[in-house]
Ligand SMILES: *[C@@H]1O[C@H](CO)[C@@H](O)[C@H](O)[C@H]1NC(C)=O
Ligand SMILES: *[C@@H]1O[C@H](CO)[C@@H](O)[C@H](O)[C@H]1NC(C)=O
Ligand SMILES: *[C@@H]1O[C@H](CO)[C@@H](O)[C@H](O)[C@H]1NC(C)=O
Ligand SMILES: *[C@@H]1O[C@H](CO)[C@@H](O)[C@H](O)[C@H]1NC(C)=O
Ligand SMILES: *[C@@H]1O[C@H](CO)[C@@H](O)[C@H](O)[C@H]1NC(C)=O
Ligand SMILES: *[C@@H]1O[C@H](CO)[C@@H](O)[C@H](O)[C@H]1NC(C)=O
Ligand SMILES: *[C@@H]1O[C@H](CO)[C@@H](O)[C@H](O)[C@H]1NC(C)=O
Ligand SMILES: *[C@@H]1O[C@H](CO)[C@@H](O)[C@H](O)[C@H]1NC(C)=O
């Protein structure tokens, strides 16, 4: 009995950050693109291979799943083929599984002992290695993607969190190691006019400063919400930008990608030979719809759940957040009256 309780406590402790009940049948996100979602995933890399890590059995594992063990690779491809170079001086990106690693942490933290690392390194003049993972369970029609991560290392690499169908159906968060440590690029493709000038298209791409003097070298939640008519970009709970231009279509559906790469281009920068840069990830949370509807989508009774990572969502400054707090006040008033009776 004691052992069983300890086991239960261990489960409660490890799921603490995702805080969603896997008996939920539908999921809710907050923010400007707030939506109801049919599927939920939480990939937790914080204690991989340690006691207490497990793949949580769920009511319907297709609808909601929390994975805290090595079986996360069942749901993600580790890319093992290169991206070709369009022309010199750009070199190919040699994506290999060896650049996707579970790292034993040397940080002083009780919250995590491991994390996922995607890395990119300049091996020689012609070789730039990179790491990329692709969500393989479903073709996705819309999503809220949250990645708790940091980026560090030498100039010449790009950390990407994005949806991709083709070069004109793509929504991106991109962090370049050559940039100041508080600048992030957000784009919907096409983001520029292409050859020969590559002029950025206003509204399709922005370079934004992170909120509250934060830097991407520290741990933050980077979030991309993609719904049929809008992309919204967040750092932690703060909306940083949004666009309705070049939003990827729902059909045909897209894939979800996370990567770290370099290519010696003027865009990503030139990494010196022997250099390396890292994209460390504690967890990935996905709320999404897919071209295959969830088996629970037609249930008459839905158990609707909101992940904890949504609790502090703010729409930046201005009316929107005031409206939220106004509604909250009204709600607490009604609740108070209700309890009173
Ligand atoms: C996802 O699917 C649900 C159930 O069909 C639907 O209510 C919701 O609007 C969809 N969300 C998006 C962002 O398309
Ligand atoms: C890498 O880029 C730099 C700067 O554009 C260029 O001088 C160099 O020749 C490139 N390297 C290769 C192998 O093309
Ligand atoms: C990552 O793990 C692989 C084994 O899968 C190993 O060969 C490789 O050296 C590791 N890479 C790094 C950068 O630690
Ligand atoms: C990480 O730690 C685990 C458990 O302590 C150990 O088995 C494993 O060999 C370590 N991996 C590396 C790459 O050091
Ligand atoms: C996604 O769509 C492609 C193309 O239609 C199909 O080949 C593939 O099986 C689908 N994958 C999943 C996981 O649904
Ligand atoms: C990308 O996919 C969209 C939607 O199917 C299509 O209209 C467009 O022509 C494709 N673009 C490219 C560059 O293949
Ligand atoms: C963002 O910064 C990059 C340089 O890293 C620059 O090429 C691009 O034009 C900038 N985009 C905008 C919209 O200012
Ligand atoms: C998006 O970024 C652009 C360029 O920095 C800025 O002008 C615009 O106000 C931002 N929009 C929102 C909604 O944050």
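In the UniProt record's numbering, the protein residues as written are 1 to 341. Heads up, the beta-carbon is just placed ideally off N, CA and C, and yes, glycines get one too.
{"query": "Check: residue 289 C-beta below 7 Å from any heavy atom of ligand 2", "result": "no"}
{"query": "Residues near residue 83 by beta carbon distance below 7 Å, same chain, minus five either side", "result": "92, 93 and 95"}
{"query": "DSSP-derived helix/strand/coil call for residue 98", "result": "helix"}
{"query": "Rounded straight-line distance, which links the Cα of residue 268 to that of residue 231", "result": "23 Å"}
{"query": "Buried/exposed call for residue 106, threshold 16 Cβ in 10 Å", "result": "exposed"}
{"query": "Inter-stretch contact at 8 Å, needing at least 3 Cβ pairs: the segment 280-299 / the segment 179-193", "result": "no"}
{"query": "Cβ neighbours of residue 89 in the same chain (closer than 7 Å, five flanking residues each side left out)", "result": "264"}
{"query": "Distance cut-off 7 Å: residue 208 Cβ against heavy atoms of ligand 8", "result": "yes"}
{"query": "Option in 87, 166 and 172 with minimal Cα separation from residue 147", "result": "172"}
{"query": "The segment 184-199 contacting the segment 273-286, beta-carbon criterion three pairs below 8 Å", "result": "no"}
{"query": "Range covered by the beta strand (DSSP E) that runs through residue 67", "result": "64-67"}
{"query": "Three-state class that DSSP yields for residue 244 in the structure shown", "result": "coil"}
{"query": "Near ligand 7: residue 242 beta-carbon under 7 Å from a heavy atom", "result": "no"}
{"query": "Same chain only: Cβ atoms within 6 Å of residue 64, ignoring 5 sequence neighbours per side", "result": "22, 24, 40 and 58"}
{"query": "Beta-carbon spacing of residue 150, residue 76 below 8 Å", "result": "no"}
{"query": "Residue 292 - DSSP class collapsed to helix/strand/coil", "result": "coil"}
{"query": "Proximity of residue 227 and residue 233 at Cβ, strictly below 8 Å", "result": "no"}
{"query": "Touch test, the segment 23-37 against the segment 295-308, Cβ-Cβ under 8 Å, three pairs minimum", "result": "yes"}
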